[in-house]
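See below for the structure under consideration.
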Amino acid sequence: MIKSPLVTTLWLEQHLDDDRLIVLDASMAKVVGRPQILYDTFSCILGAKKLDLENELCDLTSKQTHAFPTVAQFIDIISALGISQTSQIIIYDNQGIYSSPRAWWIFKVMGFNNVYVLDGGLPQWLAEGRTTANRFSPSTLAEPVSVDSIIKSGCEIKVNVQDTWVCDSTYLLNKLSDKHVSIFDARGAKRFSGQASEPREGVRSGHIPNSVNLPFSQVLEDHGLKTAEELQQIFAGLANEQDTQRIFSCGSGITACILILASVEAGYHHNVLYDGSWAQWGSDHKLPIE
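Here my numbering is used: the first residue of the sequence shown is 1, the next is one more, and so on.
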């Protein structure tokens, strides 16, 4: 049993032939807050399937940027990918660690425990000369399976949504003065302080009151995550001393999940994603800012 939310490239290479293993590429076309790694030619880890965070694994009917997917959407997507509760799911992206934690957290919120992030992602895999392919593996099913048919068939896909692991602005507003809650913002320092304008039109500059700035780059080392010990020291210096909950935000709910991954790796398990993040908070003039 793997206790860390991460697996190494060596571990993954040694387990690529496992029948229960599903490797997902959760790379995004748009990268914000760090220099983007660009590739001359496409490659992916051998056997990997595409998980489209930007166009499929989000609620496109919502006004919110990158909104969390509905349960129905999630089941449709994972059924097409051949994923069940017995699958061992490894998620990576082509920036090292950038968007893969977002996909990992979606699976965790939906009640999947056997899901992990590849530490170092595709850049680390390529640097070590491990086996790649020039195209993704196809989805298992020609068409997604409906939620109703899954329920009637008694399929192994079981979604046990952890509602308290994702919150909205109303919940966060009520927690702003709670001394047992630490609020982290993964955006860069200039955006947090309001010295840099926001990339989205109509979004105010600044940050959520009583939140602490922890740019996601500060929990990364080269292509991967810093060690558990280093992460423990980082959070110890920033979190409320007796926090019983940590709430994470960023620009639109993507890089906040990098901090959640880091928090879990550091041994903390009361983590919540504010999914609307600053794109929502900064757009709502009824909500306070600093």
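For each residue, glycine too, the CB sits at the ideal point set by N, CA and C.
In this text the structure is predicted, and so the values were computed from the model without any measurement.
Counting C-beta pairs closer than 8 angstroms gives fewer than three between the segment 198 to 205 and the segment 264 to 277, which falls short of the contact rule. For Q245, the beta-bridge partners assigned by DSSP are V181. Rounded to whole angstroms, the gap between the alpha carbons of S87 and R20 is 5 angstroms. Look at E201 here: in three-state DSSP terms it is coil, with no helix or strand label. By the neighbour-count criterion, in which a residue is buried when 16 or more other Cβ atoms sit within 10 angstroms of its Cβ, T255 is buried. When C-alpha distances from L261 are compared across L287, I106, G129, K179, the shortest belongs to I106. As computed with DSSP, L214 is found in no beta bridge at all.
Around the beta-carbon of Q36, fewer than 16 other beta-carbon atoms lie within 10 Å, marking it exposed.
A straight line joining the alpha-carbon of K108 with that of P199 spans about 29 angstroms.
Look at T164 here: in three-state DSSP terms it is helix.
Here I22 is bridged, per DSSP, to I89. In the three-state reduction of the DSSP assignment, N94 falls in the coil class. Rounded to whole angstroms, the gap between the alpha carbons of Y171 and K63 is 18 angstroms. By the neighbour-count definition (other C-beta atoms within 10 Å, threshold 16), D93 is a buried residue. Here the segment 230 to 245 makes no contact with the segment 68 to 76; the two share fewer than three CB pairs at distances below 8 angstroms. Apart from the 5 residues on each side of it in sequence, V212 sits with its Cβ closer than 8 angstroms to the Cβ of S182, I183, F184, D185, L238, A239 in its chain, given in chain order. Take the alpha-carbon of R130 and the one of L46: they are about 9 angstroms apart.
When the alpha-carbon of A266 is set against those of C257, T227, S283, I258, the nearest one is in T227. Contact annotation: I91 and S100 have beta-carbon atoms nearer than 8 angstroms.
In this structure, L53 keeps its C-beta atom at 8 angstroms or more from the C-beta atom of L118. Non-local beta-carbon contacts of K190 in its own chain, meaning distances under 8 angstroms to residues more than five positions away in sequence, involve A196 in chain order. Counting only runs that start and end inside the segment 8 to 77, the alpha helix (DSSP H) elements of at least 4 residues fall at 9 to 15. DSSP, reduced to helix, strand and coil, places E290 outside both helices and strands of the structure shown, so it counts as coil.
Comparing alpha-carbon positions, the option among L259, G253, S139, A279 lying closest to F68 turns out to be G253. According to the DSSP assignment, Y171 belongs to the alpha helix (DSSP H) that extends over 169 to 175.
Shown here, E221 sits in a strand according to DSSP, grouped into three states. Per DSSP, V272 lies in no alpha helix (DSSP H) segment; the continuous beta strand (DSSP E) that holds it begins and ends at 271 to 274. The shortest CA-to-CA distance from W104 to any of A279, W278, A26, Y268 is the one to A26. Taking C-beta separations shorter than 7 angstroms and ignoring five residues to either side along the sequence, the partners of T70 in its chain run D59, following chain order. When secondary structure is reduced to three states using DSSP, V115 falls in the strand class.
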